[in-house]
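Trainee: Dumping the structure here so I can ask a few things about it.
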Amino acid sequence: MKNREIAKALNTIADLLEIRGDNPFRIRAYRRAAQILEDLQRSVEEMSDQELLSLPGIGKDLLTKIRQYQREGKMEFLEQLKREVPEGLTELMAVPGLGPATARLIYEHLGIRDVDALERAAMEGVLRGVPGIREKTEKNILKGIQILKRTRVRRPIGMVMPLAEEILEALREVKGVKRCAIAGSLRRWKETIKDVDILACAEDPQRLIRAFVSLPSVERVLVSGPAKTSVILRDALQVDLRIVQEDSFGSALQYFTGSKEHNIRLRELAQRKGLKVNEYGVYRSDGTRIGGETEEGVYQALGLPFIPPELREDRGEIEAAMDGRLPELISIEDIRGDLHIHSIYSDGRNRLEELVEEAMRRGYQYIAITDHSRRLAIAGGLDEDRILEQIREIDALNKKLNGFRVFSGVEVDIMNDGRLDLPEETLSRLDFVIASIHSGLKQSSEILTMRILKAIGSSYVRMIGHPTGRLMPDRDACEVDLETVYREASRTGTALEINAFPMRLDLNDTAARRAAEHGVKLIISTDAHLKDQMGYMRYGVAVARRAWLRKEDVLNTLTLPEFQNWLRNRKAPHSLIS
Ligand code: DGT
Ligand code: CA
Ligand code: ZN
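Residue 109 is where the sequence shown starts when you use the numbering used here, and the numbers rise one by one after that.
This is how it looks when you write it as structure tokens:
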């Protein structure tokens with residue numbers, strides 16, 4: 109936590125020095141130190157001065173700055189630099205791809221120091237008049253601004269949830285707090301979050317508000333009143349705390365969980381029944397209150413069963429609830445294994461034993477080790493020999509394990525022409541082959557679809573990994589024709605992945621729901637590169653729940669013998685494409 113903040117401060121120092129045209133060696137030293145802090149496996153708060161000084165690139169001067177930040181939440185040197193550099197220039201540098209040198213050029217020639225003015229200048233083609241800025245740079249800047257605008261508003265749930273949980277935990281400890289819960293899009297597990305909504309009941313609201321605004325992660329208080337307090341966290345996330353009466357906690361939770369669209373439909377339903385529903389309760393036309401203490405009670409008063417928050421998007425859930433057709437959603441406890449994991453053989457950080465240990469700790473019955481194939485050289489992709497070596501290690505490991513199974517696998521690259529990056533001879537030796545696209549994501553829809561269909565047509569591929577290739581926030585889903593993919597996946601019994609990695613969540617909720625409607629089986633896997641990332645499973649399960657999936661739609665809910673059975677009994681794939 110602290111490490112990331114300090115690293116960010118050091119990077120800002122480097123940026124500001126660069127704008128000032130400072131010594132490049134000095135600038136590089138700050139950036140290197142920032143990198144070192146980000147990579148540290150321990151918090152600097154737990155480390156002694158000696159330990160910090162023993163790190164490469166951390167000298168006395170940096171140590172002082174780190175400690176100062178720890179104590180005061182800021183660095184004097186950084187504050188001083190901020191005063192020196194024209195205000196707004198750092199704002200320009202928040203545009204992805206716009207470095208300090210360019211920011212300075214633009215400021216010196218055009219006097220621009222805010223993003224809106226920058227966008228206008230870029231659109232009018234004025235930027236390219238600045239010496240050193242070409243048309244291409246101008247285009248990149250415009251693209252960067254688009255990205256910035258999107259990230260400013262929404263961020264991946266995987267980044268937000270841990271912060272919110274930390275805050276929730278702290279608030280629950282405050283004396284006199286009776287209820288405290290997350291609401292809003294976060295409770296619905298939406299894939300991106302604009303701001304965090306928290307609801308609470310407290311005997312002493314003032315005490316709770318004081319505790320909230322003085323949390324160490326809080327940077328700024330936007331508004332503070334008895335009903336609602338809004339703060340901005342150090343990393344720019346907004347959190348709203350609402351304090352409500354205990355007897356209307358249920359209706360407040362229902363109201364502030366949303367979605368707005370769901371609530372509107374619910375109010376319409378209430379009206380038809382001659383009822384009124386708002387954040388304080390459910391009322392008859394004569395004013396009698398018939399619900400509001402609990403959320404279940406709110407739905408019950410409207411004649412409905414409880415609707416899980418993940419379904420509250422006005423995608424047919426109210427109709428389904430009225431007809432008793434709500435699905436029994438998959439839950440995290442149903443998950444019995446993780447089938448997409450990278451190890452030190454490629455770009456993962458952990459050894460096989462460590463991954464197995466973590467999987468057992470999570471109560472799993474199996475995992476698949478699926479490192480990259482050779483073409484992905486930057487990710488340390490494996491060639492045939494290394495794969496055979498890994499298979500031998502997995503065999504030996506399995507001999508030692510009782511009731512737990514490690515499947516040998518690979519995440520084989522689907523190349524630009526649709527061929528797989530490993531010979532069939534090698535693929536045939538593996539238990540579980542994932543095929544994924546990592547390059548050529550900008551190809552035409554026809555070619556992308558052909559590539560995936562070819563992979564599905566292979567006798568060895570059991571799952572297509574992250575089928576649309578999106579990476580939030582800056583890479584959208586590629587243009588593959590998913591309907592065709594679902595048809596072929598269903599026909600051949602090839603699974604599609606719900607990749608739980610927070611930047612991916614791919615397939616997403618609506619796509620996964622469509623896939624299941626086509627009879628496709630899904631696998632929720634984490635793509636973990638570190639054993640802790642196996643904890644991302646919950647984000648994948650959330651996508652599945654938002655996709656209305658039941659346990660039986662997801663293959664890694666199978667027990668080990670059942671899953672082994674699925675591995676053995678593959679529907680014969682008859683490729684349409686030769
Ligand atoms: P976000 O913050 O954009 O990720 O998504 P939400 O759903 O958390 O939206 P937010 O924070 O603006 O509002 C939280 C909940 O409060 C929302 O889901 C439903 C409720 N709400 C807010 N404004 C309205 C409104 O104008 N009408 C209704 N019916 N509900 C609202
Ligand atoms: Ca919200
Ligand atoms: Zn991948």
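Heads up, the beta-carbon is just placed ideally off N, CA and C, and yes, glycines get one too.
Rounded to a whole number of angstroms, what is the C-alpha to C-alpha distance between K368 and I306?
Mentor: Along the sequence shown, one-based indexing puts residue 368 at 260. Along the sequence shown, one-based indexing puts residue 306 at 198. Roughly 16 Å between the two C-alpha positions.
Trainee: F540 bridges to which residues according to DSSP?
Mentor: For the purposes of this step, residue 540 is identified with residue 432 of the sequence shown, where counting begins at 1. Per DSSP, G517.
Trainee: Answer yes or no: the CB of D635 versus the heavy atoms of ligand 3, is any distance below 8 Å?
Mentor: For this step, residue 635 is matched to residue 527 along the sequence shown. Flag set: Cβ of D635 near ligand 3.
Trainee: Is the number of C-beta pairs between the stretch 170-178 and the stretch 112-121 that are closer than 8 Å three or more?
Mentor: Segments in contact, yes.
Trainee: K190 lies in the alpha helix (DSSP H); which residues open and close that run?
Mentor: Position 82 of the sequence shown, counted from the start, is the residue given in the question as residue 190. That run of the alpha helix (DSSP H) goes E184 to E192.
Trainee: Can you give me the C-alpha to C-alpha distance between D614 and R191, rounded to a whole angstrom?
Mentor: Indexing the sequence shown from 1 puts residue 614 at position 506. Indexing the sequence shown from 1 puts residue 191 at position 83. Their backbone Cα atoms lie some 44 Å apart in a straight line.
Trainee: What are the residues that DSSP puts in a beta bridge with D614?
Mentor: Locating residue 614 in the sequence shown gives position 506, where the first residue counts as 1. D614 pairs with N607.
Trainee: On the three-pair Cβ rule with 8 Å, is the stretch 447-458 touching the stretch 469-488?
Mentor: With the cut-off at 8 Å, the stretch 447-458 and the stretch 469-488 touch.
Trainee: Can you find the residues in the same chain that come closer than 6 Å, C-beta to C-beta, to L125, ignoring five residues on each side of it along the sequence?
Mentor: Taking the sequence shown and counting its residues from 1, one reaches residue 125 at position 17. Closer than 6 Å at Cβ, skipping near neighbours: I135.
Trainee: Suppose you measure from the CA of H626 to the CA of E425; what does that come to, to the nearest Å?
Mentor: Here residue 626 corresponds to residue number 518 of the sequence shown, with the count starting at 1. Here residue 425 corresponds to residue number 317 of the sequence shown, with the count starting at 1. One C-alpha to the other measures close to 20 Å.
Trainee: What is the chain-ordered set of residues for which the beta carbon lies under 6 Å from any non-hydrogen atom of ligand 2?
Mentor: The filter returns G292, S293, K302, D303 and D305, in chain order.
Trainee: If you draw a straight line from the C-alpha of T602 to the C-alpha of L490, how long is it?
Mentor: Here residue 602 refers to the residue found at position 494 when the sequence shown is read from its first residue. Here residue 490 refers to the residue found at position 382 when the sequence shown is read from its first residue. Distance between the alpha carbons of T602 and L490: 23 Å.
Trainee: Between the beta-carbon of L250 and the beta-carbon of V223, is there less than 9 Å?
Mentor: Taking the sequence shown and counting its residues from 1, one reaches residue 250 at position 142. Taking the sequence shown and counting its residues from 1, one reaches residue 223 at position 115. Cβ atoms of L250 and V223: not closer than 9 Å.
Trainee: Just list the beta strand (DSSP E) runs in the stretch 339-365, keeping only unbroken ones of 3 residues or longer that don't cross its boundaries, in chain order.
Mentor: Entirely contained in the stretch 339-365, the beta strand (DSSP E) runs reaching 3 residues are, in chain order, 346-351.
Trainee: Using DSSP's beta-bridge definition, name the partner residues of A476.
Mentor: Counting from 1 along the sequence shown, the entry for residue 476 is found at position 368. DSSP, once it has assigned bridges, lists F515 as partnering A476.
Trainee: Does the beta-carbon of S481, which I'm using as the reference point, lie nearer than 8 Å to any heavy atom of ligand 5?
Mentor: Looking for ligand 5 in the displayed structure turns up nothing; the ligands present are ligand 1, ligand 2 and ligand 3.
Trainee: Please work out which residues of its chain come closer than 6 Å, Cβ to Cβ, to A409, disregarding the five sequence neighbours upstream and downstream, and give them in chain order.
Mentor: As a working note, residue 409 is residue 301 in the sequence shown. Same-chain partners within the cutoff: V390, I398 and G399.
Trainee: Verify whether the separation of the beta carbon atoms of Q551 and R513 is less than 9 Å.
Mentor: Position 443 of the sequence shown, counted from the first residue, corresponds to residue 551. Position 405 of the sequence shown, counted from the first residue, corresponds to residue 513. The answer is no: Cβ separation not under 9 Å.
Trainee: Excluding the 5 residues flanking T402 on each side, which residues of the same chain have their C-beta closer than 8 Å to its C-beta?
Mentor: Along the sequence shown, read from residue 1 onward, the residue named residue 402 stands at position 294. F357 and G358, listed in sequence order.
Trainee: Quick one, which of I486, A117, G526 and E605 has its alpha-carbon nearest S566's?
Mentor: Here residue 566 refers to the residue found at position 458 of the sequence shown. With distances taken between Cα atoms, S566 lies closest to G526.
Trainee: Using a Cβ-Cβ cut-off of 7 Å (strictly less than) and excluding sequence neighbours within five positions of H217, which residues of its own chain qualify?
Mentor: On the sequence shown, position 109 is the one that residue 217 refers to. Excluding sequence neighbours, H217 sits near V238.
Trainee: Using the C-alpha atoms, what's the distance from L197 back to G205?
Mentor: Within the sequence shown, numbered from 1, the residue matching residue 205 stands at position 97. Within the sequence shown, numbered from 1, the residue matching residue 197 stands at position 89. About 14 Å.
Trainee: For a test of your reading of the model: does the CB of H546 fall under 8 Å from any non-hydrogen atom of ligand 3? Yes or no.
Mentor: In the sequence shown, counting from the first residue as 1, residue 546 sits at position 438. Checking the Cβ of H546 against ligand 3 gives yes.
Trainee: To the nearest angstrom, how far is it from the Cα of A202 to the Cα of E274?
Mentor: Here residue 202 refers to the residue found at position 94 when the sequence shown is read from its first residue. Here residue 274 refers to the residue found at position 166 when the sequence shown is read from its first residue. One C-alpha to the other measures close to 27 Å.
Trainee: For G196, verify whether its CB is less than 8 Å away from any heavy atom of ligand 3.
Mentor: Looking up residue 196 in the sequence shown gives position 88. Checking every heavy atom of ligand 3 against the Cβ of G196, none is found closer than 8 Å.
Trainee: What's the C-alpha gap between L463 and A650?
Mentor: Indexing the sequence shown from 1 puts residue 463 at position 355. Indexing the sequence shown from 1 puts residue 650 at position 542. Using only the alpha carbons, I get a separation of about 23 Å.
Trainee: Taking the alpha helix (DSSP H) that I121 falls in, what are its first and last residues?
Mentor: Here the question's residue 121 lines up with position 13 in the sequence shown. That run of the alpha helix (DSSP H) goes K110 to R128.
Trainee: Measuring straight from C-alpha to C-alpha, what distance separates L447 and A585?
Mentor: Here residue 447 refers to the residue found at position 339 when the sequence shown is read from its first residue. Here residue 585 refers to the residue found at position 477 when the sequence shown is read from its first residue. Distance between the alpha carbons of L447 and A585: 22 Å.
Trainee: CA-CA distance, R352 and E299?
Mentor: Here residue 352 refers to the residue found at position 244 when the sequence shown is read from its first residue. Here residue 299 refers to the residue found at position 191 when the sequence shown is read from its first residue. Residue identity check: residue 352 is Val in the sequence provided, not Arg. If I take the Cα positions, the gap works out to 27 Å.
Trainee: Based on DSSP bridge pairs, tell me the residues matched to C586.
Mentor: By 1-based counting over the sequence shown, the position of residue 586 is 478. Bridge partners of C586: none, in fact.
Trainee: When you compare each of D355, K381, Y363 and V326 to Q346 by their alpha carbons, which one comes out closest?
Mentor: Position 238 of the sequence shown holds residue 346. If we check each option's Cα against that of Q346, V326 comes out closest.
Trainee: Would DSSP call T300 helix, strand or coil?
Mentor: Locating residue 300 in the sequence shown gives position 192, counting from the first residue. In this structure, T300 counts as strand in the three-state DSSP scheme.
Trainee: Is DSSP giving R328 helix, strand or coil here?
Mentor: Locating residue 328 in the sequence shown gives position 220, counting from the first residue. Correct three-state label for R328: strand.
Trainee: Which parts of the stretch 199-281 are runs of the alpha helix (DSSP H), unbroken and 4 residues or longer, counting only runs that do not cross its ends?
Mentor: List check, alpha helix (DSSP H) in window: 208-218, 223-231, 243-261 and 265-280.
Trainee: At a cut-off of 8 Å, would you count T95 as near ligand 1, judging by its Cβ distance to the nearest heavy atom?
Mentor: Since the first and last residues shown for the chain are 109 and 686, residue 95 lies out of range.
Trainee: For the beta strand (DSSP E) containing S633, name the first residue and the last one.
Mentor: The residue given as residue 633 occupies position 525 in the sequence shown. Start and end: L630 to S633.
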